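For the protein sequence lines, the chains are Z, S, C and Y, in the order given.
Per this note's numbering, the very first residue in the first sequence carries number 7; after that it's consecutive.
Per this note's numbering, the very first residue in the second sequence carries number 7; after that it's consecutive.
Per this note's numbering, the very first residue in the third sequence carries number 7; after that it's consecutive.
Per this note's numbering, the very first residue in the fourth sequence carries number 7; after that it's consecutive.
Here a beta-carbon is modelled for each residue, glycine too, at the ideal position from N, C-alpha and C.
None of these values were measured; they are calculated from a predicted model.
Here's the structure, in structure tokens; my notes come after.
Number of protein chains: 4
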Amino acid sequence: MRYLTAGESHGPQLTTIIEGVPAQFPLSIEKLNDSLRRRQGGHGRGRRMQIEKDLIAITAGVRHGKSLGSPICLQVTNDDWKHWTHIMGVEPLDEGMDESEIKRQISRPRPGHADLVGGIKYQHRDLRNVLERSSARETTVRVAAGAVAKQLLEQLGIQVIGYVTTIGGVHADRSLAEKLTVEELIERTSQDPVYTADPVASEQMVAAIDAAKKAGDTIGGVVEVRVTGMPEGVGSYVHYDRKLDARLAFAMMSINAFKGVELGLGFEMANLPGSQVHDQIRYDEQHGYYRETNRLGGTEGGMSTGMPIVVRGVMKPIPTLYKPLESVDIETKEVFKASIERSDACAVPAASVVAEHVIAWEIAQAILETFPSDHLAQLQEAVEKRRNEAKEF
Amino acid sequence: MRYLTAGESHGPQLTTIIEGVPAQFPLSIEKLNDSLRRRQGGHGRGRRMQIEKDLIAITAGVRHGKSLGSPICLQVTNDDWKHWTHIMGVEPLDEGMDESEIKRQISRPRPGHADLVGGIKYQHRDLRNVLERSSARETTVRVAAGAVAKQLLEQLGIQVIGYVTTIGGVHADRSLAEKLTVEELIERTSQDPVYTADPVASEQMVAAIDAAKKAGDTIGGVVEVRVTGMPEGVGSYVHYDRKLDARLAFAMMSINAFKGVELGLGFEMANLPGSQVHDQIRYDEQHGYYRETNRLGGTEGGMSTGMPIVVRGVMKPIPTLYKPLESVDIETKEVFKASIERSDACAVPAASVVAEHVIAWEIAQAILETFPSDHLAQLQEAVEKRRNEAKEF
Amino acid sequence: MRYLTAGESHGPQLTTIIEGVPAQFPLSIEKLNDSLRRRQGGHGRGRRMQIEKDLIAITAGVRHGKSLGSPICLQVTNDDWKHWTHIMGVEPLDEGMDESEIKRQISRPRPGHADLVGGIKYQHRDLRNVLERSSARETTVRVAAGAVAKQLLEQLGIQVIGYVTTIGGVHADRSLAEKLTVEELIERTSQDPVYTADPVASEQMVAAIDAAKKAGDTIGGVVEVRVTGMPEGVGSYVHYDRKLDARLAFAMMSINAFKGVELGLGFEMANLPGSQVHDQIRYDEQHGYYRETNRLGGTEGGMSTGMPIVVRGVMKPIPTLYKPLESVDIETKEVFKASIERSDACAVPAASVVAEHVIAWEIAQAILETFPSDHLAQLQEAVEKRRNEAKEF
Amino acid sequence: MRYLTAGESHGPQLTTIIEGVPAQFPLSIEKLNDSLRRRQGGHGRGRRMQIEKDLIAITAGVRHGKSLGSPICLQVTNDDWKHWTHIMGVEPLDEGMDESEIKRQISRPRPGHADLVGGIKYQHRDLRNVLERSSARETTVRVAAGAVAKQLLEQLGIQVIGYVTTIGGVHADRSLAEKLTVEELIERTSQDPVYTADPVASEQMVAAIDAAKKAGDTIGGVVEVRVTGMPEGVGSYVHYDRKLDARLAFAMMSINAFKGVELGLGFEMANLPGSQVHDQIRYDEQHGYYRETNRLGGTEGGMSTGMPIVVRGVMKPIPTLYKPLESVDIETKEVFKASIERSDACAVPAASVVAEHVIAWEIAQAILETFPSDHLAQLQEAVEKRRNEAKEF
């Protein structure tokens, strides 16, 4: 399974093509749109999220509610496009018109963004050519692709849920999430203004966002994704590039503004003795092998153990501040203060939805590589068989 | 550039084939062996490191000290093989001999290792079939491949160095490493018993290792890799799977026992306001664009900024403890205590060498995807040109 | 450079996303549409070609006439879609409605098509689910992707042209094409009813098509693609999967209904002595190295020699015949005669346009792997440099 | 499943690493060596084939006669290496020694070989650096990798056999091979001096080889590979790069000196009406669906139909002639006649063995992408299930 995405932030639309999806699985467009809606929510978002309501159009690969096995194409229209048709137009500029006359041309790279390096790499002197693509707007269709993966996983009894554990130095009690069923977790976090499972921390996080906003600053945070119902042995130890942990790290780190990722106890493992890090192996006839604890976050030797996969990522504060950082105009080489018109003070809640979906994608892809499958029944049977093999081993 | 590795821990040898290396670059076998030697060092290693001295044989791709452009094959012999020819032999067992009669057959999966899940996945009831490959012994040839990459990078003025920043809760002062030149850093860490740049922390780390050993326990830690001399614009923001950060995360997380990775300030970014996270952009005619700080760890928008790349990974404590964890025998289903004969109390120093080499590989690969490089001069010129384009942008 | 396509034959649209295109190269939408127009032409096409006029919409990756370096998204609307919204709809069928009530359901697999095997593989009992995607309609966006590649190659002085050399047993004199410049070849073949360069054969081919049509039969043929202006050393001998010939064979054989591919003298080489197959090497100061003959079709050792690349593919006759073949209904298991309502008698001229574009894509991709390039000037310089290195070698 | 190969023609050894092989399948080293032996046979080979007897050493991935699931490493020693240790040595030349003093340095590129273009691409002025790798010697380990694939396929009831159908204009009666069972075909061709199934043509082929040799010339030919026992639906029509035909074409064309490939009737389809090209579909309860004819060579819509796959490739005459072709010395720029000391007059029989093995590899890889296969039993069951689904469809 693989996918490509296309689309500029102020272009006509975002598009993704997903290839390699098994045939015969029911795909609900409502659930896809639910995912987009969650991505647009959360306390602390700026204006754009309120004016645009993303909706998916499926233009290929699905018929009468079921996947065909052929590539699925999803599109999300940019409502704002009507105001940008000239600035972002495909056609060459009119004869005699100079590129410098284009409105909204950008020569001032923002610190912490792709602007400057992207301009150098692709030789764009209008930095709009960079930021239109490097914008987190692209995550809309990554969420859409992940939402397809989520529905596939659902058919295998696998659930994926993302939520917030830290915002601006406020840390949720992570053990709360651990104690809830996935359904309870979905229920709780989806109603929370910052998508966290800890109601006490939630209030403090909201306050931290408001304070940052007032101070003209921004804050980042940590999101956690939990995957339950995993069959054993997805991923492999036999070659380094087949390790499931490595793939999850890749996926999480590929999200805009993410700068770290960890599984289970994560970086805390550097401070603990081995006897407090590893999970003892248990067995009973009913469950087969299991672990009472899940400190390793659901993988051993680069493979899923059957325990929930727990992976976290850290998002840096949005670099577009009201409180300006200094930068240099690429035309005049003069220092300027990178102040901006509008911005989110905190995008961590939305990022938890993105993380959920990119992890769902990665898990689904890894499962399809372990159990290559032309249609859903074949896949379901292979996964079920593995669960039995594990129990009877 | 790509590579595959093969080899079991007690098989005859480890092998790697590296394909896609530019022609005409000088390759020193001494430097390759230096890398292997460093991997075998560090305070806290067990017996095997002392009895085996890894040496590389090059069997393809190099002639008269220079790369040919054809695949490079590197081999490291397992000195111990002579004692394992029967147990690990390729030939089928003699007629009438039962598999259960094989010596050193293993039915007791160790917690925290690939043993149990690997057995389920590949249907190995002799778990030796798993652990022979899942063993960190394989990192020997990953280091060898990375050592080839390092020599290539050297020719481009890029240096990569890995060292330890945390062991068992003892944290080195990271700012010390930042203040040193790469040469000083190599000098300092290579002479340190735990490969760290902070002499005060070093003593405490040694003590922590000794204490863990005495307690029959193990400890993990954090390693940091620093890459200097990077050209701008390696990696890309245009598609999620081309982001340099994601690739570095993949590489780091693919090392045995690694459970987290972060760039720059990493997880600390969840606690800081945006104004203290991003690096302001500066310019002068001599240097072109630069940043005074390097909080983001050398990447923006998934691309190298030209600042040093700083990436860290966390290694869990070795799961093979003298202080036993409980597990279940797969034949009898009885609980046993996973005690062991011998083990390292801490492998973090060695892991810093592995991390250095897998990151070097990833950086080299990303560079070869960015610049034309059938032969070294072509690559050098392209990289130099990029540096100039960046300066003159 | 890579691309994915999506779209069913009677769905709303066809889409392709192209990732990895260098920035800053001028992209003309008129030229893209020219390619589509040529694909829809040629003597012997059925009705659909006349009622539908394919036009491209660019929805990402291009701004003001130039590539941005970000993924390019191209869409072609199916004009017919308005008649198929129910039959091919995305939404699940209304409650209580049985799948068997869907109009135009197909239980009769046509010989020579994907119908039967596709149904088995993906468990589609309505074979429409197969043929909607296996239809050659998909080549519309493969041509579109190739047309982007062609424009990129043009900027490097590389031209790609496809034309017909055999239809239904009528063989054009291939030496005629060889004697023409590319411009003359384009001129001549684009005005020919069957896109061939041999006017005498052309008349006979037209007659053969008309005769086949009258007989209720179909005919296939051979197309040739010629690539001029190639730099030396694209592809490589160092690993089998980097050979340019192999990639060209892959591309040609991946076209619907193609069953063979050959370079230069091709299969005729089995009948000739070595002295009549190989091209002697010449040199003069003005041209550098060259060959007087081009029997090998422009490659040696899996690399471009600088001579024109000449590659041919054979297309089987369209399997949808008026003169019916026998097959079996998958529901009743009864034999039926696979007669059809409408069809092309010969699609070889159109296939020559498809071949031209898939080869253009493959050449462009191979060039970008040899000279990885972020923007056009960088690519142009690298290719020019190679041409000089070849001359001065 | 993937593999890399390494090794120079006069280096110490050839190596391949094969990654992704299912666990638990019995691997016979005798059968691997049988494949190498067949590759070294056939009428018309030169001296080297007689002095070197290739034998495989397995250094990883196999234990007690069964695959472990971990990468398999195969090595073949070059017996001749002892005479080349200095000329092909890894170590840099002694201080003060000039590269031009190296023995057997080559400045005269042979027409039809990689020599000249390879030299330009990698900037090798000693063309030995090219020909050591571009030599067909490398096919030894490609055969070895394919021999592993063949043994895997055998476990699935799939057999692959390659043989000669044309040499130097002498065409075997291809229908003879079609009438034989695979066992009979193996028996017949393995005892034939030119590995063909037509005894009459065989004598003429031998005579043609002898005549070419006498004339100081060389001849090429056509080889055919037949795959029986294929399950239905391997490969796919849903995306162009998943078509089985395309992959087979890639594999065949990647063999040294191959310039064309075709399936079933191949290029002959350009001369026949559709009614004589396609295979009618039949059904009976015992066999399920089948075709009485196999003109398409076992694929429809890019997928295996269950009929035997029949694919042919054309090999050009060996370019190293006693009857010299003209070329140009790269140092002096003077014309020379590319005469040689020794050579095979015809390598087509050996090439049929290579073709058999690269096709076996490709088929095995395509099967592993279609069905779950961590271990052999899982794969066997999935393939069997597909065969039943096809029958019951």
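| By Cβ distance below 8 Å, which residues in the same chain neighbour C:Ile336 in space, the five residues on each side in sequence not counted? | Ser113, Arg114, Pro115, Leu122, Gly125, Arg131 and Leu133
| said: Please classify Y:Ser358 as buried or exposed, where buried requires at least 16 other C-beta atoms within 10 Å of its C-beta. | reply: buried
| task | Measure the C-alpha to C-alpha separation of S:Met275 and S:Val354 and round it to an integer number of angstroms. | result | 25 Å
| field | Nearest-angstrom Cβ-Cβ length linking C:Gln30 and C:Ala383, presumed shorter than 8 Å | value | 7 Å
| task | Below 7 Å between beta carbons is the criterion; list the residues of the segment 53 to 87 of chain S that meet it against any residue of chain C, in chain order. | result | Gly75, Ser76 and Pro77
| So who's on the other strand from S:Ala66, going by DSSP bridges? | S:Cys79
| task | Take Y:Met211 and list the residues in its own chain whose beta-carbon comes closer than 6 Å to its own, dropping the five residues that flank it on each side. | result | Ile173, Val176 and Val200
| Looking at the C-beta of Y:Val231, does it have a partner C-beta in chain S at a distance below 7 Å? | no
| For C:Ser41, which residues of its own chain have a beta-carbon under 6 Å away from its beta-carbon, when the five flanking residues on both sides are left out? | Val149 and Ala153
| query | What residues from chain S crowd round C:Pro28, counting only those whose CB sits closer than 7 Å? | reply | Residues of chain S passing the Cβ test: none, with the nearest at roughly 11 Å.
| request: Would you decide whether C:His363 is buried or exposed? Buried here means 16 or more other CB atoms lie within 10 Å of its CB. | output: buried
| task | For S:Lys59, count neighbouring C-beta atoms within 10 Å of its own C-beta (all shown protein chains included) and say buried if the count is 16 or more, exposed if not. | result | exposed
| request: Could you tell me whether the Cβ of Y:Arg194 comes closer than 7 Å to any Cβ of chain C? | output: no
| request: Look up C:Ala109 in the DSSP assignment and say whether it is helix, strand or coil. | output: Correcting the residue type first, residue 109 of chain C is Lys in the shown sequence and not Ala. Three-state DSSP puts C:Lys109 in coil, outside helix and strand.
| Just curious, the beta strand (DSSP E) that Y:Ser242 is in, first and last residue? | No beta strand (DSSP E) contains Y:Ser242, which DSSP labels as neither H nor E.
| request: Could you run through the segment 86 to 100 of chain C and flag, in chain order, every residue whose CB is less than 8 Å away from some CB of chain Z? | output: Met94, Gly95, Val96, Glu97, Pro98 and Leu99
| Y:Leu10 bridges to which residues according to DSSP? | Y:Ile23
| query | Relative to the alpha-carbon of C:Lys397, which residue among Y:Thr11, Y:Ala66, Y:Lys127 and Y:His70 has its alpha-carbon at the smallest distance? | reply | Y:Lys127
| said: If I follow the unbroken alpha helix (DSSP H) through C:Ser208, where does it start and stop? | reply: Pro205 to Lys220
| request: Out of Y:Val389, Y:Gln161 and Y:His92, state which residue places its alpha-carbon closest to the alpha-carbon of Y:Ser34. | output: Y:Gln161
| task | Please list the partners that Z:Gly239 has in chain Y, where partner means a Cβ-to-Cβ separation under 9 Å. | result | Asp380
| query | So, using beta-carbon positions, are S:Gly266 and S:Arg301 closer together than 7 Å? | reply | no
| message | Which residue marks the beginning of the beta strand (DSSP E) containing C:Gly266, and which one marks its end? | response | Phe264 to Leu269
| request: Alpha carbon to alpha carbon, how far is Z:Ala218 from Z:Pro98? Give it in angstroms, no decimals. | output: 43 Å
| Segment contact, 8 Å Cβ cut-off, at least three pairs: the segment 8 to 16 of chain S with the segment 75 to 89 of chain Y | yes
| request: Return the chain-ordered list of same chain residues with a C-beta closer than 7 Å to the C-beta of S:Ala366, the five sequence neighbours on each side being excluded. | output: Gly152, Ala155, Lys156, Leu159 and Val166
| Opposite Y:His363 in the DSSP bridges: which residues? | Y:His363 pairs with nothing; no bridge assigned.
| request: Starting from the C-beta of S:Val360, find all residues in its chain whose C-beta is less than 7 Å away, skip the five residues before and the five after it, and write them out in chain order. | output: Arg45, Thr145, Arg148, Val149 and Ile261
| field | The beta strand (DSSP E) enclosing Z:Gly322, as first and last residue numbers | value | First, the amino acid is wrong: residue 322 of chain Z is Lys here, not Gly. Here Z:Lys322 belongs to no beta strand (DSSP E), and DSSP marks it neither H nor E.
| said: Check for me: the beta strand (DSSP E) holding C:Arg297 runs from which residue to which? | reply: Gly294 to Arg297
| request: May I ask you to report which of helix, strand or coil DSSP gives S:Met103? | output: coil
| My guess is that Z:Arg318 and Z:Val228 are in contact by the Cβ rule of under 8 Å, so how many angstroms apart are they, rounded? | 6 Å
| In three-state DSSP terms, what is S:Val136? | helix
| query | If S:Ile369 and S:Ile93 are in contact, beta carbons under 8 Å, what's the gap, nearest whole angstrom? | reply | Not quite, the Cβ-Cβ distance comes to about 39 Å (not below 8 Å), so this is no contact.
| query | Whose CA, out of Z:Gln197, Z:Leu191, Z:Ile108 and Z:Val136, lies closest to the CA of Z:Arg43? | reply | Z:Gln197
| task | Give the straight-line distance between the Cα atoms of Y:Gly67 and Y:Pro330, rounded to the nearest whole angstrom. | result | 46 Å
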